[in-house]
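Each remark here refers to the structure printed beneath this line.
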Amino acid sequence: MKKLKTKIYYSGGTIPVASHQQKGTIEIKDGEFYIVAMGESPGHVLDISIPLSNIKAATPIEKKYYSSTGYFLRIGYLDDKGKYEEIELEIRCFLRRGRTKALLKFWVETLSPRT
């Protein structure tokens, strides 16, 4: 599998970490999906690894703003206790909108469960 690391902003979810637009990265390594985002305080730090087999959904979301568009990746997964959780991440790419859409599509296709 191609190794890819992408910049993100954490924007919320069902996990008990408040969203403060923490900057971070996502990547796939050793059969796990890693999310690392640093916050200003210890309660806002996000450091999650999810086995790829626990990911149940990967959904692209496009949000229109006044003068731009945000591209988000919503991931549904089972945590260590078997509880369903969701996390929403904004894909960041400052080159072009087309590049951001391509990255979002790649992540959705890569993380979507095979049926």
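Residue numbers for the sequence shown follow the working numbering, so the first one is 217 and each next one is one higher. C-beta: ideal position from N, C-alpha, C; glycine also.
ask   = Between the C-alpha atoms of residue 319 and residue 297, what's the straight-line distance to the nearest angstrom?
value = Whole-angstrom Cα-Cα distance: 30 Å.
inquiry  = Please state whether the Cβ-Cβ distance between residue 281 and residue 307 is less than 7 Å.
reply    = No Cβ-Cβ contact shorter than 7 Å links residue 281 with residue 307.
Top-ranked residue by Cα proximity to residue 292, from 255, 284, 285, 304 = Selection 255, 284, 285, 304 evaluated against residue 292 yields 304 as nearest (Cα-Cα).
ask   = Excluding sequence positions up to five away, which residues of its chain have a Cβ less than 8 Å from the Cβ of residue 321?
value = Counting only Cβ-Cβ distances below 8 Å, and skipping sequence neighbours, we find 276.
message = Buried or exposed, going by whether 16 or more other CB atoms sit within 10 Å of the CB of residue 283?
response = Residue burial is scored here from C-beta neighbours: residue 283 has fewer than 16 other C-beta atoms within 10 angstroms and is therefore classed as exposed.
ask   = What residues are listed by DSSP as bridge partners for residue 281?
value = Among the bridge pairs identified by DSSP, residue 281 is matched with none.
message = Please classify residue 316 as buried or exposed, where buried requires at least 16 other C-beta atoms within 10 Å of its C-beta.
response = With 16 or more Cβ atoms within 10 Å of its Cβ, residue 316 is classed as buried.
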